[in-house]
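Residue numbering for the sequence shown follows the numbering used here, starting at 85 and increasing by one per position.
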Amino acid sequence: MTHTLPEHPDFLWRNPEPKTSYDVVIVGAGGHGLATAYYLARNHGITNVAVLERGWLAGGNMARNTTIIRSNYLWDESAGIYDHALKLWETLPDELDYDFLFSQRGVLNLAHTPQDVREGTRRVNANRLNGIDGEWLSAEEVFKVCPIVNISPDVRYPVLGGTWQPRAGIAKHDHVAWAFARRADSYGIDLIQHCEVTGFRTDGDRVVGVETSRGPIHAGRVGLAAAGHTSVLAATAGIKLPLQSHPLQALVSELLEPVHPTVVMSNHVHVYVSQAHKGELVMGAGIDAYNSYGQRGSFHVIERQISAALEVFPIFATAHVLRTWAGTVDVSPDASPILGLTPIRNLYLNCGWGTGGFKATPASGWTYAHTVAHDQPHPLNAPFALDRFTTGALIDEHGAAAVAH
85 MTHTLPEHPD FLWRNPEPKT SYDVVIVGAG GHGLATAYYL ARNHGITNVA
135 VLERGWLAGG NMARNTTIIR SNYLWDESAG IYDHALKLWE TLPDELDYDF
185 LFSQRGVLNL AHTPQDVREG TRRVNANRLN GIDGEWLSAE EVFKVCPIVN
235 ISPDVRYPVL GGTWQPRAGI AKHDHVAWAF ARRADSYGID LIQHCEVTGF
285 RTDGDRVVGV ETSRGPIHAG RVGLAAAGHT SVLAATAGIK LPLQSHPLQA
335 LVSELLEPVH PTVVMSNHVH VYVSQAHKGE LVMGAGIDAY NSYGQRGSFH
385 VIERQISAAL EVFPIFATAH VLRTWAGTVD VSPDASPILG LTPIRNLYLN
435 CGWGTGGFKA TPASGWTYAH TVAHDQPHPL NAPFALDRFT TGALIDEHGA
485 AAVAH
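If you want it as structure tokens, here you go:
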């Protein structure tokens, strides 16, 4: 049976007052929290759900990322969950009845050293074994895909080739959030903004609700999806997570005519660049070295990103920076997420995505909803359990995440 949207002539979703009790409370109304709520209703028929957000809906990392979507990760576990996400991305505009400008323009990862070439060809072969589209391109083939890349041999780090995933691309991040929010609201799910969770209500070894800035709320189950602040929330329940939160900075240029046809990443020069639908160049690199919850840019990082971009794209030398920002990313020891159960009954974790959160949005929501609904992980997120840091079954994706997205 087709689920139809209610008619809201003046807004995309309601702005309800919180009820005193819900079957499920999701903490964090970013992409992952909204997708989880949507799939709880769509896949599991659970609609007595509240998504609590201390600020405004999708005002955290969902509004502060660079929108890149890809699934060319090295390890089987990562490839499984990220390619599930990519397959969902391919059908979501129709399913959610919202054009969020998903554009499969491909992603190029440049190689500048023999080690880059070895790592890149290994990644391509691993991708192919996992049924993921991956190709190795020579420098000349890189130029054919993206003619503005400088492939001259007379530079500090010449381009020796690159990996290419044609199905990868970008989407409009705030529109993605609005699409999930509208669909979740249509199921009767309450999206409650300006409602900060300050602690948990417990009964023995289980969580039975949350304390919020708008009063206590009883909950049968509670799912955390607060990105860089998840470790702070978990600590109030007595759980010390193996996470560090860092700023992740990015910038956009002034509006330009269409000139950049794809997404280009370089781990060695350390920058990635795409062009947004409106025309801005979107640039970023790795996380800041220091721990912080700050959400602002800084000049020395901006300078490094621009100088790196100009090594790969000399054509951008006269472009002007329009604005900069930072998100707060939570990074685990193996650069892979934590998605599953906690030692406290009825409390669940969705965190540690580091720089990979946006691209994983639909698969994260799909598998997290399953985990919360059934009190056990989906096969795709089972390897990302918290206890892998004691068993040693790590999923080391530092190489795949070396440049932020």
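Cβ coordinates follow ideal geometry from the N, Cα and C atoms, glycine included. Being a predicted model, the structure only gives us computed values, none of them experimental.
Give me the Cβ distance between residue i and residue j, rounded to the nearest whole Å; I'm assuming they're in contact under 8 Å.
i, j, result
"Y123", "K443", "About 17 Å; that fails the 8 Å criterion."
"T455", "A119", "Not a contact, Cβ separation roughly 13 Å."
"W220", "V233", "So it is not a contact: roughly 16 Å between Cβ atoms."
"W248", "A334", "The pair is not a contact, with the Cβ atoms about 23 Å apart (cut-off 8 Å)."
"S337", "V405", "6 Å"
"K256", "H361", "7 Å"
"V353", "D372", "Wrong, their Cβ atoms sit about 18 Å apart, outside the cutoff."
"G245", "A210", "Their Cβ separation, rounded to whole angstroms, is 17 Å, which puts G245 and A210 out of contact at 8 Å."
"G438", "A419", "6 Å"
Who are the near neighbours of residue i in its chain, counting only those whose CB is closer than 6 Å to its CB and skipping five residues on each side?
i, result
"A318", "L325"
"S105", "H302"
"A486", "With a pLDDT of 45 at A486, under the threshold of 50, the predicted position of this residue should be treated as unreliable, though the coordinate-derived value follows. Counting only Cβ-Cβ distances below 6 Å, and skipping sequence neighbours, we find N351."
"G363", "L339 and L340"
Whose CA, out of the options, lies closest to the CA of residue i?
i, options, result
"R388", "A195, A403, V405 and A369", "A369"
"L213", "F184, E161, H352 and L194", "E161"
"A447", "D459, N430, R429 and A466", "A466"
"Y432", "T150, D459 and I152", "D459"
"M349", "V108, L192, N132 and P100", "L192"
"H313", "G304, R305, P331 and P300", "P331"
"T131", "A142, R267 and D181", "R267"
"K103", "V294, T402 and L464", "V294"
"V108", "K228, Y182, D178 and G304", "G304"
"I235", "V413, F264 and P398", "P398"
Tell me the DSSP bridge mates of residue i?
i, result
"A210", "In DSSP, A210 forms no bridge with anything."
"C230", "C230 is not bridged to any residue."
"R429", "R290"
"E295", "G283"
"T408", "L335"
"S329", "D414"
"R202", "The partner list for R202 (beta bridge, DSSP) is empty, contrary to what the question assumes."
"Y356", "M349 and G368"
"T247", "N193 and W220"
What do you get for residue i, buried or exposed, if any count of 16 or more other CB atoms within 10 angstroms of its CB means buried?
i, result
"H374", "In the sequence on display, residue 374 carries Tyr and not His. It counts as exposed."
"R240", "exposed"
"A125", "buried"
"Y356", "buried"
"A477", "exposed"
"G114", "buried"
"N99", "exposed"
"S376", "exposed"
"G215", "exposed"
"G283", "exposed"
Near residue i, what residues of its chain come up, given a Cβ to Cβ distance below 7 Å and the 5 sequence neighbours on each side ignored?
i, result
"F473", "P326 and P417"
At least one CB of chain C closer than 9 Å to the CB of residue i: is that the case?
i, result
"W409", "The displayed structure is made up of one protein chain only, and chain C is not part of it."
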